[in-house]
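Down below is the structure, laid out as structure tokens.
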Amino acid sequence: MEDEVLIKVQNVELTYNDGKPNAFRALRDVNLQIRKNSFAIIFGPSGCGKSSLLNVISGLEVPDKGEVFVGEKNLLTMSKGDHVYFHRKTIGMVFQSYNLITTLSVLDNVAIPQIFVSSNKQTREEKALKLLDRFGIKPQADKLPSELSGGQQQRIGIARAIINDQPIILADEPVGNLDSKSANNVMQILSELNREENKTIIMVSHNPENIIWGDHIIYMKDGMVVKEDIRNAKGETTQVSKEEEDEFSKIEAMLRNFQGLTAEQIKILITPMKSEILARSVLVDMDQKQMSILEESIRRRILNTITPQEFFEIMDKSDREGGVDMDVRRAHKVAKKVEDLIALAHTVNNVDNDDNERKANEVVKYLLTQENVKISPNQLEQLKELIKHRIMNRIDRGVFRELLDAPPSKKGVGFNSKTAKKIAKSLDIILMVGYGMK
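Heads up, the sequence shown is in this note's numbering, so the first residue is 46 and it goes up one at a time.
Below, the structure is given as structure tokens:
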């Protein structure tokens with residue numbers, strides 16, 4: 046199946062030199078799912094944790110906390126023997142520095158992994174020559190690696206990585222040391238392995254030029270996955286922003302830390318965060334200036350310092366007039382979406398109205414319309430019940446999201462994970478925007 050999850054990383058933490066003065070926290074509560082047959086690129090600046098994450102996925106690094114699954118196998122509970130077998134049959138590694146054995150010929154370097162699966166010499170050399178021919182370096186078979194260019198050496202590295210026909214290829218900066226022509230050649234090879242042989246490719250890169258090759262881009266910063274872009278077979282991209290989840294957590298932490306403040310003081314403190322999250326939920330294809338104006342306008346609308354009509358006019362005005370410069374139709378659409386959400390948030394968070402049944406009904410109607418979700422009568426009743434419990438703060442965000450995804454037999458709604466995530470996020474926004482409203 047195209048959307049089958051092959052690799053799952055859950056709550057992974059990794060600290061180097063833990064407990065020492067030079068301790069470095071490389072991975073911070075990383076959660077990630079990678080589909081089978083995808084071309085995933087882990088992207089970010091040096092030191093952000095890209096290679097550490099790749100090493101954890103490969104089993105070369107053992108995290109301090111969390112779990113890593115490849116298929117049904119939990120890497121952290123494998124025996125040593127199972128781990129060795131897993132590496133030989135499941136994962137091929139490609140390194141930036143090639144890691145070829147300089148005293149062996151090109152042919153022998155490629156054939157080495159076949160020795161560990163008990164392949165006879167004739168079979169392994171035939172397979173190695175076939176791969177060398179495919180990658181255009183068969184004439185170099187008897188040479189030493191040092192006699193070849195960097196691009197040729199990397200092609201040898203890729204041939205070695207796939208000779209045992211492993212379904213997963215992990216590549217750590219595979220084109221980092223190559224000129225642009227050689228880099229493009231290597232990227233084409235990886236892309237062909239993904240498209241034509243259905244290999245799952247997971248590649249680390251700090252170069253934004255390489256992003257175009259992937260269908261799942263994982264953005265990292267300071268040891269965290271901050272955003273994901275996932276492109277489907279039609280070329281449509283879904284953006285999964287971990288930063289938004291972090292913002293919700295920041296607001297929750299702020300509410301805990303400032304319990305001594307008045308409701309009005311807290312409202313002023315968190316309104317900029319509200320407007321930022323709401324702006325991102327309304328639109329993403331805007332430049333920084335437009336987004337700033339949108340956020341400020343939403344902030345003023347939440348505080349009720351501008352009217353709905355004034356908000357619409359700001360959306361419609363040109364940038365020279367201090368507006369967002371939308372066409373009239375789009376301005377109306379955005380203004381309506383913001384007004385509907387603010388009105389619903391006000392209703393849900395109105396402490397003078399304890400009719401939680403009606404609140405849940407209104408939220409369900411809004412969410413199903415916004416997300417264009419069709420559900421059965423039984424699912425509808427269960428969704429209403431869960432939303433009522435969430436509104437009344439009987440369950441937290443995490444439990445709510447898990448129950449949206451869980452089957453009815455476990456008191457869940459039975460949504461797929463993508464729909465569950467969208468519904469949970471939308472309700473988070475409603476509750477967050479409504480906090481402090483009267």
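The beta-carbon is built from N, C-alpha and C at its ideal position, and this holds for glycine as well.
Measure the alpha-carbon distance for residue i versus residue j and round it to whole angstroms.
| i | j | result |
| --- | --- | --- |
| P104 | L472 | Note that residue 104 is Gly in the sequence shown, not Pro. Whole-angstrom Cα-Cα distance: 37 Å. |
| M360 | T350 | 16 Å |
| F84 | R346 | 42 Å |
| E131 | G137 | The sequence given here places Phe at residue 131; Glu does not occur at that position. Between F131 and G137, the C-alpha separation is close to 10 Å. |
| T60 | G92 | 13 Å |
| I52 | Q185 | 36 Å |
| K110 | L77 | 14 Å |
| V151 | V271 | 40 Å |
| V327 | G196 | 45 Å |
| R80 | P353 | 43 Å |
| V249 | N417 | 36 Å |
| E340 | I203 | 47 Å |
| L323 | K226 | 44 Å |
| P453 | I468 | 17 Å |
| P90 | S97 | 13 Å |
| K433 | E117 | 35 Å |
| V139 | G259 | 17 Å |
| K279 | A206 | With a pLDDT of 46 at K279, under the threshold of 50, the modelled position of this residue cannot be trusted; read the value that follows with caution. One C-alpha to the other measures close to 30 Å. |
| S363 | H377 | 15 Å |
| S421 | L120 | 38 Å |
| F445 | R435 | 7 Å |
| E366 | A380 | 18 Å |
| R439 | G126 | 46 Å |
Pick helix, strand or coil for residue i, following the three-state DSSP scheme.
| i | result |
| --- | --- |
| Y130 | helix |
| D274 | strand |
| M248 | strand |
| D217 | strand |
| K7 | Residue 7 is absent from the model: the chain starts at 46 and stops at 483. |
| K279 | With a pLDDT of 46 at K279, under the threshold of 50, the predicted position of this residue should be treated as unreliable, and no value is reported. |
| D369 | Reading the sequence as shown, one finds Val at residue 369 and not Asp. If DSSP states are grouped into helix, strand and coil, V369 belongs with coil. |
| N119 | strand |
| L145 | coil |
Within 10 angstroms of its Cβ, does residue i collect 16 or more other Cβ (buried), or is it exposed?
| i | result |
| --- | --- |
| K134 | exposed |
| D178 | exposed |
| P253 | exposed |
| G181 | exposed |
| K489 | Summary: the structure shown does not reach residue 489, with the chain confined to residues 46 through 483, and so no result is reported for it. |
| D332 | exposed |
| Q68 | According to the sequence displayed, residue 68 carries Ala and not Gln. With fewer than 16 Cβ atoms within 10 Å of its Cβ, A68 is classed as exposed. |
| K419 | exposed |
| D385 | exposed |
| E192 | exposed |
| R374 | exposed |
| N100 | buried |
| E218 | buried |
| P108 | buried |
| G64 | exposed |
Can you name the start and end residues of the beta strand (DSSP E) that residue i belongs to?
| i | result |
| --- | --- |
| L51 | V50 to Y61 |
| N76 | F69 to R80 |
| A85 | F84 to F88 |
Enumerate in chain order the residues of its own chain whose CB-to-CB distance from residue i is below 8 Å, with the five nearest sequence positions on each side excluded.
| i | result |
| --- | --- |
| M437 | N401 |
| V162 | R133, K134 and N209 |
| H174 | Sequence inspection shows Leu at residue 174; the His mentioned does not correspond to that position. Once the five neighbours on either side are set aside, the close Cβ partners of L174 are L152, K183 and A186. |
| Q198 | Y143, L145 and P190 |
| K169 | Just to set this straight, residue 169 is Arg in the shown sequence, not Lys. Cβ within range, chain order: A156, Q159, I160 and I208. |
Would you kindly report the start and end of the unbroken alpha helix (DSSP H) that includes residue i?
| i | result |
| --- | --- |
| Y264 | Not the alpha helix (DSSP H): Y264 falls in the beta strand (DSSP E), residues H261 to K266. |
| D361 | P353 to D361 |
| G137 | Element bounds for G137: not the alpha helix (DSSP H) but the beta strand (DSSP E), I136 to F140. |
| E426 | P422 to I436 |
| Y411 | N401 to E416 |
| H163 | One point to set straight first is that residue 163 is Ser, not His, in the sequence displayed. From DSSP, S163 is part of no alpha helix (DSSP H); its letter is neither H nor E. |
| K455 | From DSSP, K455 is part of no alpha helix (DSSP H); its letter is neither H nor E. |
| K183 | No alpha helix (DSSP H) contains K183, which DSSP labels as neither H nor E. |
| L98 | K95 to S103 |
| G195 | G195 to I207 |
| R240 | S225 to E242 |
Apart from the five residues just before and just after residue i, which ones in its own chain have a Cβ nearer than 6 Å to its Cβ?
| i | result |
| --- | --- |
| D441 | none |
| I246 | F84, I214, L235 and N239 |
| G457 | L448 and A451 |
| V369 | Q335, I338, L339 and M360 |
| F356 | S342, R346 and A380 |
Only counting the same chain, and skipping five residues up and downstream in sequence, which positions put a Cβ closer than 7 Å to that of residue i?
| i | result |
| --- | --- |
| L348 | T316 |
| I256 | I86, F88 and I262 |
| G479 | A390, H391, V393 and N394 |
| R9 | No answer is possible for residue 9: it lies beyond the span of the chain, which begins at 46 and ends at 483. |
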